[in-house]
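To keep things clear, I will list the structure first and then write my remarks on it.
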Amino acid sequence: MKKLFIILILLSTNAIAGGGSGVPLRDVKWPFDGAFGTVDRTAAQRGYQVYKEVCASCHALEYISYRNLKEIGFSEAEVKAIAAEATVIDGPNDDGDMFERPGRLSDRFVSPFANEKAARAVNGGAYPPNLSLIVKSRPNGANYLYSLLTGYQDAPGSMEMNEGMYYNKYFSGNQIAMAPPLMDEIVEYMDGTHPSVDQMARDVTIFLQWAAEPEMEQRKRMGIKVFAYLIIFTILFYLAKKIIWRDIK
Amino acid sequence: MSQTEYTGVKGWIEERLPIFSFLKHSAEYRAPKNLNYAWNLGSILGIALMIQIITGIVLAMHYTPNSELAFSSVENIMRNVNYGWLIRYTHAVGASMFFFAVYLHILRGLYYGSYKAPREILWWFGIIIFILMMATAFMGYVLPWGQMSFWGATVITNLFSAIPVIGESIVQWLWGGFSVDNPTLNRFFALHFLLPFILLGLVVFHVIALHVNGSNNPTGVEPKTEKDTIPFHPYYTVKDFFGFGIFFIIFAFFLFFEPNYLGHADNYIPADPMVTPAHIVPEWYFLPFYAILRAIPDKLGGVVFMFGSLLILFILPWLDTSKVKSGTFRPLFKVFFWLFTFNFVFLGYLGGKPAEGIYVILSRLSTFYYFAYFLLVLPILGKIENTKALPESIDAAYKGNK
């Protein structure tokens, strides 16, 4: 009976609601899925490259610091080089002036726009969201992101598109202000992987999944240990209960 | 000065503060021998409250209750504070687990008639704890200042505007302004920090009231002789620890593998007063009451029914006219009870659906049954039902079950 309750209660939450457009999302078997899921580091590094060369011109990655990139397998020297490419506004200095300097490991990713208004001004009124939480802030986020990136099509003849909008099968309302960001070979992968739209969409999803949940691997590994501990704990107390209760007639 | 059985230093202290007789009471406390696993929930709830308080205090050390900073301070906890993700997920999942256990605890009470004489005051304290828990959880959900935090707070505080004449003023007073904003966040943080300690105090009274007459039990027959009861320690302490294990396993599953399953994706979008989410839905544990609120076509009516659905529990001991406490011996009651339980879960399902079409009609029917159970079924059933014969004693029932 209790099991039934748990199931009913879980069903009664709408946490499992699908994406905005009502079209079922493309369902990918991700390497980060499941209790033993891990971050595929080479894919995440390729995904970082896609983010940097394609997404970063409009989308911020607000809560990530350059030093965090070490977690997906970049070496310290590589990350230092990545950080140094960014221009950080720091200050005020002793003269009271703000100044520019190259980025350091401890800096947050520099956002492409100074503020939301500036972002909207050059994007036809649309605001490119911060991507560091994008996978967590959409239901079924990883599949949604992957579907969206691969979901651009020609608008059906019956549909009247607003100016500057693009048809996307998976976007709520099907009209999205973001131009199709990916096309075959828009980036050149160092490791020789063919940069198809599908491949890049997968890689950048893996990267942004890590960005949304950088603790995921540690959390799941700890979860396995905690589970093992709790099962032993519970069995021991069950046996202790049996033994202690033996004399109750 | 009163005489005690203690002498020397112990006697001196005991006369001034009866700490030793309290310890003696705790050590010798007895409980009916036939309690089933539904009676594990009380101690599980005690643990759940402690988990919330301890994780909550640590979170408060890192959190910033300011509308400009709250969201990023939570992200800072998740990303940069050592094991911050563990603390925050424990707190967030812990709230769900707390409600899950409290609902089962209340259903246990409803089924076995634990609210009946001589435990009415114990029951009242339970209801007050439940209502205060809901207020605490609601304010806690506002603190991350995501989209659902902001809009949930807007919807729920707006309920008070349904009060005639003074409603609007009350809402502005609650907000500390003309919309949900920084002052609202500040006071919700202060209250969210305070209320758990008030809850703790109420739990003390709940337990004191419990210890006066002892636990109810699956037969609903009160203990008569020493043979009906066993010492709480070690029998129920060891059984409680087994229960904790089961509770923690369910807890750990969500905490480590699906920490966001019970929440809303929208709450990872920072609050934006200019953008309303497509569906504003409260946390799952509020959904049955949310469904009742929306089932009534009138705003004030909805608010009255929603609060009424909780307040009606206070008079339940007198609405249920049956002399038999336990549902085990009430064949008709059982049918209505399980229907009530199913109906309540169904209300939760409806609360998560948009208020349109068939869902509105179903919500009204479900709301009707929720109230009918208390106002029609229980008063009438007690008069007409043929109950089964009660066991002579707890001991007899226990031996019979063996």
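One line per chain: the protein sequences are A and B, in this order. No gaps in the numbering here: position 223 of the first sequence is 216 in the numbering used here, and each next residue is one more. No gaps in the numbering here: position 130 of the second sequence is 650 in the numbering used here, and each next residue is one more. All C-beta atoms, glycine included, are put in the ideal place defined by N, C-alpha and C.
(1) Under DSSP, the alpha helix (DSSP H) around R707 (chain B) begins and ends at which residues?
(2) Using the rule of at least 16 other Cβ atoms within 10 Å of the residue's Cβ for burial, across every protein chain shown, is G15 (chain A) buried or exposed?
(3) Here's the rule: buried if 16 or more other CB atoms are within 10 angstroms of the residue's CB, otherwise exposed. What is S883 (chain B)?
(4) Which residues bound the alpha helix (DSSP H) around E912 (chain B)?
(5) Run through chain B and tell me which residues come within less than 7 angstroms of F226 (chain A), C-beta to C-beta.
(6) Measuring CB to CB, does G633 (chain B) end up less than 8 angstroms from G783 (chain B)?
(7) Whole-angstrom Cβ separation of G871 (chain B) and Y805 (chain B), contact assumed at under 8 angstroms?
(8) Looking at chain B, is there any beta carbon in it that lies within less than 8 angstroms of the beta carbon of M215 (chain A)?
(9) Ends of the beta strand (DSSP E) at T575 (chain B)?
(10) Between A76 (chain A) and the rest of its own chain, which residues show a CB-CB distance below 7 angstroms, the 5 nearest in sequence each way excluded?
(11) Check the DSSP bridge columns for N161 (chain A) and list the partner residues they point to.
(12) For G134 (chain A), go through chain B and note every residue whose CB falls closer than 7 angstroms to its CB, in chain order.
(13) Kindly provide the ranges of any alpha helix (DSSP H) runs that are 4 or more residues long and lie completely inside the region 176 to 227 of chain A, ordered along the chain.
(14) Buried or exposed, going by whether 16 or more other CB atoms sit within 10 Å of the CB of M581 (chain B)?
(15) To which residues does DSSP link A551 (chain B) through a beta bridge?
(16) Taking the alpha-carbon positions, what's the K(-4) (chain A) to S541 (chain B) distance?
(17) With which residues is S50 (chain A) paired in a DSSP beta bridge?
(18) Short of 7 angstroms Cβ to Cβ, which residues in the region 183 to 212 of chain A face chain B?
(19) So, does the region 678 to 697 of chain B touch the region 593 to 610 of chain B, judging by three or more C-beta pairs under 8 angstroms?
(20) Taking a cut of 7 angstroms between CB atoms, which residues from the region 625 to 650 of chain B lie near chain A?
(21) Per DSSP, what are the beta-bridge partners of I169 (chain A) in this structure?
(22) Are the CB atoms of F645 (chain B) and L722 (chain B) nearer to each other than 8 angstroms?
(23) Sort out for me which residues DSSP pairs G666 (chain B) with in a bridge.
(24) Within 10 Å of its beta-carbon, does H545 (chain B) have 16 or more other beta-carbons around it, so buried, or fewer, so exposed?
(25) Tell me the residue span of the alpha helix (DSSP H) that contains E71 (chain A).
(26) Which one of A:T198, A:G30 and A:Y160 has the shortest CA to CA distance from S151 (chain A)?
(27) By how many angstroms is the C-alpha of W671 (chain B) removed from the C-alpha of P793 (chain B)?
(28) So S735 (chain B) and P552 (chain B) are in contact, right, with Cβ under 8 angstroms, and what is the actual spacing, rounded?
(29) Tell me which same chain residues have a C-beta within less than 6 angstroms of the C-beta of I236 (chain A), skipping the five on either side of it?
(30) Enumerate in chain order the residues of its own chain whose CB-to-CB distance from G576 (chain B) is below 7 angstroms, with the five nearest sequence positions on each side excluded.
(31) Can you find a C-beta in chain B that's less than 8 angstroms from the C-beta of S140 (chain A)?
(32) Report the residue ranges of all alpha helix (DSSP H) runs contained in full by the region 570 to 652 of chain B; include only those spanning at least 4 residues, in chain order.
(33) Take A682 (chain B) and list the residues in its own chain whose beta-carbon comes closer than 7 angstroms to its own, dropping the five residues that flank it on each side.
According to the structure shown:
(1) One-based indexing of the second sequence puts residue 707 (chain B) at position 187. Taken as a continuous stretch (DSSP letters only), the alpha helix (DSSP H) holding R707 (chain B) covers N702 to N733.
(2) In the first sequence, residue 15 (chain A) corresponds to position 22, counting from 1. That one is exposed.
(3) Taking the second sequence and counting its residues from 1, one reaches residue 883 (chain B) at position 363. Classification of S883 (chain B): buried, given that the 10 Å Cβ count is 16 or more.
(4) On the second sequence, position 392 is the one that residue 912 (chain B) refers to. Run containing E912 (chain B): none; DSSP gives neither H nor E here.
(5) Stepping through the first sequence from its first residue, residue 226 (chain A) is reached at position 233. Neighbours of F226 (chain A) on chain B, chain order: G765.
(6) Within the second sequence, numbered from 1, the residue matching residue 633 (chain B) stands at position 113. Within the second sequence, numbered from 1, the residue matching residue 783 (chain B) stands at position 263. Contact flag unset, no.
(7) The residue labelled residue 871 (chain B) in the question sits at position 351 within the second sequence. The residue labelled residue 805 (chain B) in the question sits at position 285 within the second sequence. With 8 angstroms as the limit, G871 (chain B) and Y805 (chain B) do not qualify as a contact, their Cβ atoms being about 10 angstroms apart.
(8) Looking up residue 215 (chain A) in the first sequence gives position 222. Cβ-Cβ to chain B under 8 angstroms: yes for M215 (chain A).
(9) Within the second sequence, residue 575 (chain B) is the residue found at index 55, counting from 1. Careful: T575 (chain B) lies outside any beta strand (DSSP E), inside the alpha helix (DSSP H) at L561 to H582.
(10) Position 83 of the first sequence, counting from 1, holds the residue named residue 76 (chain A). Excluding residues within five positions, the ones whose Cβ falls inside 7 angstroms are Y59, G96, R97, L98 and D100.
(11) Here the question's residue 161 (chain A) lines up with position 168 in the first sequence. Per DSSP, A:Y145.
(12) Residue mapping note: residue 134 (chain A) aligns to position 141 of the first sequence, counting from 1. The contacting residues are A785.
(13) 190 to 205
(14) Numbered from 1 along the second sequence, position 61 holds the residue referred to as residue 581 (chain B). It is exposed - the Cβ of M581 (chain B) has fewer than 16 other Cβ atoms within 10 Å.
(15) Mapped onto the second sequence, residue 551 (chain B) falls at position 31. According to DSSP, A551 (chain B) bridges with B:I750.
(16) If you number the first sequence from 1, residue -4 (chain A) lands on position 3. If you number the second sequence from 1, residue 541 (chain B) lands on position 21. Reliability fails at K(-4) (chain A), whose pLDDT of 49 lies under 50, so the model's placement of it is uncertain and no value is given.
(17) If you number the first sequence from 1, residue 50 (chain A) lands on position 57. In the DSSP output, where bridge partners are listed per residue, S50 (chain A) has none listed.
(18) P207, E208 and R212
(19) no
(20) none
(21) The count along the first sequence starts at 1 and reaches residue 169 (chain A) at position 176. I169 (chain A) is bridged to A:Y159.
(22) Along the second sequence, one-based indexing puts residue 645 (chain B) at 125. Along the second sequence, one-based indexing puts residue 722 (chain B) at 202. Contact flag set, yes.
(23) The count along the second sequence starts at 1 and reaches residue 666 (chain B) at position 146. According to DSSP, G666 (chain B) bridges with B:P790.
(24) Walking along the second sequence from the start, residue 545 (chain B) turns up at place 25. It is exposed - the Cβ of H545 (chain B) has fewer than 16 other Cβ atoms within 10 Å.
(25) Position 78 of the first sequence, counting from 1, holds the residue named residue 71 (chain A). Here the alpha helix (DSSP H) through E71 (chain A) covers E69 to E78.
(26) The count along the first sequence starts at 1 and reaches residue 151 (chain A) at position 158. Answer by Cα proximity: A:Y160.
(27) Mapped onto the second sequence, residue 793 (chain B) falls at position 273. Mapped onto the second sequence, residue 671 (chain B) falls at position 151. Distance between the alpha carbons of P793 (chain B) and W671 (chain B): 8 angstroms.
(28) By one-based count along the second sequence, residue 735 (chain B) stands at place 215. By one-based count along the second sequence, residue 552 (chain B) stands at place 32. Correct: roughly 6 angstroms between the Cβ atoms.
(29) As a position in the first sequence, residue 236 (chain A) is number 243, starting the count at 1. None.
(30) Mapped onto the second sequence, residue 576 (chain B) falls at position 56. Correct list, in chain order: H611 and P716.
(31) Mapped onto the first sequence, residue 140 (chain A) falls at position 147. With 8 angstroms as the cut-off, S140 (chain A) does not count as an interface residue toward chain B.
(32) 590 to 599 and 604 to 631
(33) Numbered from its first residue, the second sequence carries residue 682 (chain B) at position 162. So the qualifying residues of the chain are K819, L820 and V823.
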